[in-house]
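Below is one structure, written out as structure tokens; the observations come after it.
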Amino acid sequence: MTYSTEKLSEEKVFKDPVHRYVHVRDRVIWDLVGTKEFQRLRRIKQLGTTFLTFHGAEHSRFTHSLGVYEIVRRMIDDVFDGRPEWDHDDRLLTLCAALLHDLGHGPFSHAFEKVFDFDHEDFTRAIILGDTEVNKVLQHVGSDFPEKVAEVIAKTSPKKLVVSMISSQIDADRMDYLQRDAYFTGVSYGQFDMERILRVMRPREEQVVIKKSGMHAVEDYIMSRYQMYWQVYFHPVSRSAEVILTKILHRAKQLFKEHYLFKYEPLHFFSFFRENVTLEDYLKLDEAVIMYYFQIWQEEADPILSDLCRRFVNRNLFKYAEFDPAKEYKKMAELNALFIQAGIDPDYYLVVDSSSDLPYDFYRPGEEEERLPIHLLMKSGELREFSRESEIVDAISGKRRTDHKLYYPADFLADETTAGEIKKQIRSLLE
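So in full-length UniProt numbering, spot 49 of the sequence shown is number 49, and the numbers just go up one at a time.
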């Protein structure tokens, strides 16, 4: 028996609130879960700052990654195996890519990436191909196996069916995070009949397709995704926390450039501020480390850094107003000027944040692969693009919805002991 086909002497299970159990029989999968790079995902929250809005949202990328693996395992073992369109030799490749797809996420991922101009997918590839425990496990399967796994995750693999199982408009990644995030936030929007969807999935050469009889379960999934984005992922309070988090990192980076003397040297950030980050530096930084610095930076002499850290740690967030950048640019310029007159730095305390989502899209030639549409498998064997059969999905297809908010510190503006008249003007403009 080779390492790639080796089974554990006894099946291991993880008790899971979404899938009940996550089953592991493959030695390779068990060894990957035990690597330090995968264990690091326990210290990265799945939903970043959302825990400050929905207090239950403390779950990690570790739990999500196990969930995606489990959905893909069920797809293969319960539905695809034995069908002529499915190549059994791709099983381990698909399971490894599912398990490792989020491996490169950093702390408070999206805010962190914005400030330091990173892409977590680059770090996922670096971990899989670099001098890591994960790489050693994958190399044990075959010298070219790490590259094959990285290609599936990067969506550059020639095995398009395998890619679509993990990254498409109906994939294991989305099916796990919608249910998991709904469970931990306590909302009902993300619930849909995944068991039904799995039963009606069929493998094809280029992608997973859905039997026509399962159309209504997929409609429910697409509408669940739509609601989750606007009710949870783009919640304005979570965005306020992310704005503050982003501004803390921007301020610390700026102070470092100005040779500011920190009371406590931010050793873990030095390579990030200098823009010469190694993989080792990146893997050392998790959310526990970030929160440690936010705690101690509350005592810094710089008033902006200390105030922003106090706000984030103690959940004293910015308030928000509806804002249309296209129509209200003059108002924004006026607010900027008034903030400066009031002694409040608009670079850190007057922030426009925009959120945008495209819930489902039909095929647009030349655009990114993941926007390939969902196809229905008709009784005749013909494939039909989903929105042509579903009036519900047709109504939202190709329609991008965008929301803009203007964030500001209401407590600063309410304090009229200094610049009282100017602050009244600011409040009247915001209201």
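Note that the Cβ used here is the ideal one computed from N, Cα and C, for glycine as well.
This one's a predicted model, so the numbers in the text were calculated from it and none came from an experiment.
Distance CB(residue i)-CB(residue j) smaller than 8 Å
i           : j           : result
residue 48  : residue 242 : yes
residue 422 : residue 342 : yes
residue 167 : residue 176 : no
residue 233 : residue 302 : no
residue 7   : residue 26  : yes
residue 217 : residue 181 : no
residue 315 : residue 298 : no
residue 270 : residue 349 : no
residue 360 : residue 397 : yes
residue 339 : residue 426 : yes
residue 86  : residue 266 : no
residue 262 : residue 206 : no
residue 100 : residue 162 : no
residue 264 : residue 140 : no
residue 164 : residue 189 : no
residue 313 : residue 201 : no
residue 115 : residue 246 : yes
residue 96  : residue 28  : yes
residue 134 : residue 35  : yes
residue 372 : residue 400 : no
residue 351 : residue 323 : no
residue 117 : residue 159 : no
residue 32  : residue 62  : no
residue 68  : residue 111 : no
residue 253 : residue 268 : no
residue 127 : residue 37  : yes
Per DSSP, the bridge partner or partners of residue i
i           : result
residue 355 : 403
residue 7   : 26
residue 175 : According to DSSP, residue 175 bridges with nothing at all.
residue 376 : 210 and 384
residue 203 : 208
residue 20  : 16
residue 397 : 360
residue 428 : Residue 428 is not bridged to any residue.
residue 60  : 45
residue 320 : 407
Integer Cβ distance of residue i from residue j, believed to fall under 8 Å
i           : j           : result
residue 102 : residue 66  : Actually they do not touch by this definition, with Cβ atoms about 11 Å apart.
residue 235 : residue 325 : That belief does not hold up - the Cβ atoms of residue 235 and residue 325 are roughly 20 Å apart, past 8 Å.
residue 210 : residue 377 : 7 Å
residue 402 : residue 238 : Residue 402 to residue 238, Cβ: 17 Å. No contact.
residue 179 : residue 191 : 7 Å
residue 288 : residue 43  : 6 Å
residue 379 : residue 212 : 7 Å
Residues near residue i by beta carbon distance below 7 Å, same chain, minus five either side
i           : result
residue 369 : Summary for residue 369: the model assigns pLDDT 44, below 50, so the residue's position carries little reliability; its value from the coordinates is reported in the next sentence. Cβ neighbours of residue 369 beyond the five flanking positions: 155.
residue 366 : In this prediction, residue 366 has a pLDDT of 45, which is less than 50 and means its spatial position is unreliable; what the coordinates show is noted afterwards. Hits under 7 Å: none found.
residue 240 : 317, 318, 320 and 407
residue 64  : 46, 102, 176, 177 and 180
residue 81  : 88
Contacting residues, own chain, Cβ-Cβ under 8 Å from residue i (five flanking each side not counted)
i           : result
residue 251 : 302, 304, 305, 308 and 348
residue 13  : 21, 22, 23 and 24
residue 113 : 106, 119 and 120
residue 108 : 45, 48, 49, 242, 245, 287 and 290
residue 345 : 304 and 339
residue 227 : 189 and 190
residue 257 : 273
residue 83  : 202 and 203
residue 255 : 262, 302 and 305
residue 248 : 294, 297, 305, 308, 309 and 312
residue 130 : 279
residue 231 : 187 and 189
Cβ-based neighbour list, residue i, same chain, cut-off 6 Å, excluding 5 preceding and 5 following
i           : result
residue 70  : 19 and 22
residue 364 : Residue placement at residue 364 cannot be trusted, given a pLDDT of 44 that sits under 50; what the coordinates show is reported in the next sentence. Closer than 6 Å at the Cβ level, and outside the excluded window around residue 364, lies no residue.
residue 355 : 234 and 403
residue 445 : Missing from the structure shown is residue 445; the chain here goes from 1 to 431 and no further.
residue 229 : 357
Spell out a yes or no on whether the segment 177-187 and the segment 38-57 are touching, meaning 3 or more CB-CB pairs, one atom from each, closer than 8 Å.
-> yes
Evaluate contact between the segment 147-158 and the segment 69-84, counting only Cβ atoms and requiring at least three cross-stretch pairs below 8 Å.
-> no
Give a yes or no on contact between the segment 310-323 and the segment 392-409, applying the rule of three or more CB pairs nearer than 8 Å.
-> yes
Pairing CB atoms from the segment 219-233 with CB atoms from the segment 388-403, are three or more of them under 8 Å?
-> yes
Contact between the segment 130-147 and the segment 284-299 (3+ Cβ pairs under 8 Å) = no
Would you say the segment 329-336 touches the segment 278-292, given that touching needs at least three Cβ pairs under 8 Å?
-> no
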